[in-house]
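What follows is a short report on a single structure.
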Amino acid sequence: MGEKRQKTAQEQRYQQRVNEKMPRSKTVSQCVRAFIAGGLICCIGQAVRVFGETTLHLDAEGVAALTAIVMVFLGATLTGFGVYDKIGTWAGAGSIVPITGFANSIVSPAMEFKREGLILGTAAKMFTIAGPVLVYGIGASVIVGLIACLLAK
Amino acid sequence: MKQKRLGRQTVVFEAPPRIAAGATIVGDMEGAGPLGGYFDLILEDDTWGEDTWEKAERKMFEQTVRRALERCAMQPAEIDLLLGGDLLNQIITANFAARELAIPFLGLYGACSTMAESLLLGSMLIDGGYAGHVACAATSHFSTAERQYRFPLEMGGQTTPTAQRTVTGAGSSLLVEAGYAGGAQFRHIFVTGGTIGRVVDLGITDANNMGAAMAPAAADTLAAHLREQNRTVSDYDMIVTGDLGSFGSEMFNELCRDKGIDLSDRHRDCGNMIFDLAQKVDCGGSGCGCSAVTLNAFLLRRMEEGDFTRMLFMATGALMSPTAGMQGDSIPGIAHAVVIERR
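Order-wise, the sequence lines are chains R and L.
Take 1 as the starting number for the first sequence in our numbering and just add one per residue.
Take 1001 as the starting number for the second sequence in our numbering and just add one per residue.
Here it is as structure tokens:
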């Protein structure tokens, strides 16, 4: 029990064959697309930043908050209109990695599970995808904070 | 006293039951595919006026059974047994549809092999004298399957090239005893035997590569069938698998070759037939509905018209579970075969 079963020779042979023959993702073209889409999203973010600095005369903290708010709003809204998944199909990591992708990963399960109710559906399922990112992201920031605190003393 | 059994897995029928009718309901994407002209009903809206996709899928299951019965001018009360299943947890589609139909019901879970499983069991029960009229059905729905097995629909991401698209479709067949003389859509189609599959698992863990996970089961069942029936591939006009998709079919062909079985050009896969390449479905269609609608809408009709006389219909199931997958288990496969003949 609990012990991992040894692979038989037949299993090994078959898995090797599958790995050799299966169609591959087009990594180069996907990287190019991700670069273009991710870059565009970041350019929009940068434009918001510049707007905050020059027009609204916000300080560094205010600008960071404004940019995050606007980008999350955009990601969430495009998800709501059913557009973000289409962008994602084309852009791959380019639209997953930026903060708009984070918004998409929270809004999409919230929408999908609305039919199971506002509590056990929307609220409970909202973080099924983003939850691990939050847990380990916040967890890591606490650890880094503690180390920084100790080193500073 | 196993006089209707050959070898370890194969059964042959003394008085082969007939498939008297079939019915199908599919989603818009399936309707836009190469078989679009054959389906009885193509849904424009994948909720079919219901407030959830699950309810829509139930309605598809129920209505497809009713349509098949109508073709033989029968009422649900005249059916001795309903056999069927779907992909959802606790096979809720089949259970709730069976509640509406009120036909004595045995629910089946064979993942995407359900259509063949139901035909095989139904035929055995008829030939055994336990039922006269049996309705067999299977459904799957892209949106219900995605939310149970994968990610929310609105989440932006890419599929891997070995992924397959779950077919939104419900298919049903009405089996009747050999001596049946009532109204029917098909007059010449008989189920003459079949082979019960074993669960075969060569350790594929990638849920986006179900074709490769199922191919060994398909090859195992085909080899058992040919051995026990003492037949070769050339005894069949067509060997039809359920939803191996393009890559799974390639592996199936290779595994058969290893076993000394040459499929030559006799192999077809429902997953490759239902969509065309321009529909961007990676390796093809999958789901219980895939083989169920391809069989009932297309294959049986072609057979009735005399295009071919004997096929081995072998629906393949990836017995995948999100829980087992998360715990690091592999995806076991199964394939059941039924011999369908024109007489």
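Glycine included, each C-beta is placed from N, C-alpha and C at the ideal position.
Cut-off 7 Å between Cβ atoms - residues of its own chain near residue i, not counting five sequence neighbours on either side
i	result
glutamine 30 (chain R)	Gly92
histidine 1188 (chain L)	Glu1304, Arg1342, Arg1343
glycine 1289 (chain L)	Ala1138, Thr1139, Ser1140, Val1167, Thr1168, Gly1169, Ala1170, Gly1171
aspartate 1276 (chain L)	Gly1033, Pro1034
arginine 17 (chain R)	none
Contact under 8 Å by Cβ, residue i with residue j
i	j	result
alanine 1135 (chain L)	leucine 1082 (chain L)	yes
valine 1240 (chain L)	proline 1017 (chain L)	no
glycine 1084 (chain L)	leucine 1120 (chain L)	no
histidine 1336 (chain L)	serine 1113 (chain L)	yes
methionine 22 (chain R)	alanine 1021 (chain L)	no
leucine 1043 (chain L)	glycine 1287 (chain L)	no
arginine 1150 (chain L)	glycine 1007 (chain L)	no
alanine 1217 (chain L)	glycine 1197 (chain L)	yes
serine 1291 (chain L)	asparagine 1272 (chain L)	no
serine 1143 (chain L)	tryptophan 1053 (chain L)	yes
isoleucine 1274 (chain L)	glutamate 1057 (chain L)	no
Beta-ladder partner(s) of residue i, from DSSP
i	result
arginine 1018 (chain L)	L:Val1176, L:Phe1190
alanine 1315 (chain L)	L:His1336
leucine 1006 (chain L)	L:Thr1010
histidine 1140 (chain L)	As written in the sequence, residue 1140 (chain L) is serine, which differs from the histidine given in the question. Serine 1140 (chain L) is bridged to L:Gly1169.
alanine 1135 (chain L)	L:Leu1082, L:Leu1174
valine 1240 (chain L)	L:Arg1268, L:Phe1313
serine 1286 (chain L)	L:Thr1166
8 Å Cβ cut-off: residues of chain R touching residue i
i	result
aspartate 1051 (chain L)	Arg115
glutamate 1044 (chain L)	Correct list: empty, because the minimum Cβ distance to chain R is about 17 Å.
Where residue i meets chain L, residues with beta-carbon distance less than 8 Å
i	result
glutamate 112 (chain R)	Arg1147, Pro1152, Leu1153, Glu1154
methionine 22 (chain R)	Pro1161, Thr1162, Asn1209, Ala1212, Phe1247
glycine 101 (chain R)	Gly1156
proline 98 (chain R)	Simply none; closest approach about 11 Å.
Contacts that residue i makes with chain R (C-beta to C-beta distance below 9 Å)
i	result
glycine 1260 (chain L)	Those do not exist, as glycine 1260 (chain L) stays about 16 Å from chain R at its closest Cβ, beyond 9 Å.
Own chain, CB closer than 8 Å to residue i, minus 5 neighbours either side, in chain order
i	result
isoleucine 36 (chain R)	Ala91, Gly94
alanine 76 (chain R)	Ala103, Asn104, Ile106, Val107
methionine 1 (chain R)	Residue placement at methionine 1 (chain R) is flagged as unreliable, the pLDDT there being 42, under the threshold of 50; the coordinate-derived value follows with that caveat. Nothing listed; no residue qualifies.
aspartate 1329 (chain L)	Thr1205, Ser1321
alanine 9 (chain R)	none
Close-in-space but distant-in-sequence residues of the same chain around residue i (CB under 6 Å, 5 per side omitted)
i	result
cysteine 1256 (chain L)	Ala1219, Leu1263
arginine 1310 (chain L)	Tyr1236, Asp1237, Glu1341
proline 1161 (chain L)	Asp1282
Interface residues of chain L facing residue i [CB-CB closer than 7 Å]
i	result
tyrosine 14 (chain R)	Leu1202, Pro1216
lysine 153 (chain R)	The contacting residues do not exist; lysine 153 (chain R) stays about 42 Å from chain L at best.
proline 109 (chain R)	Pro1152
glutamine 10 (chain R)	Leu1202
9 Å Cβ cut-off: residues of chain L touching residue i
i	result
valine 32 (chain R)	Correct list: empty, because the minimum Cβ distance to chain L is about 14 Å.
Using Cβ-Cβ distances below 7 Å, what residues of the region 70-95 of chain R are close to chain L? Thr79, Gly82, Tyr84, Asp85, Ile87, Gly88, Thr89, Gly92, Ser95
Interface residues of the region 1080-1099 of chain L facing chain R [CB-CB below 7 Å]: none
Residues within the region 1188-1207 of chain L neighbouring chain R, beta-carbon criterion of under 7 Å: Leu1202, Gly1203, Ile1204
Report the residues of the region 1225-1259 of chain L with a CB closer than 9 Å to any CB of chain R, ordered along the chain. Ser1246, Phe1247, Glu1250, Met1251, Glu1254, Leu1255
Contacting positions in the region 25-54 of chain R - beta carbon closer than 9 Å to chain L: Ser25, Lys26, Gln30
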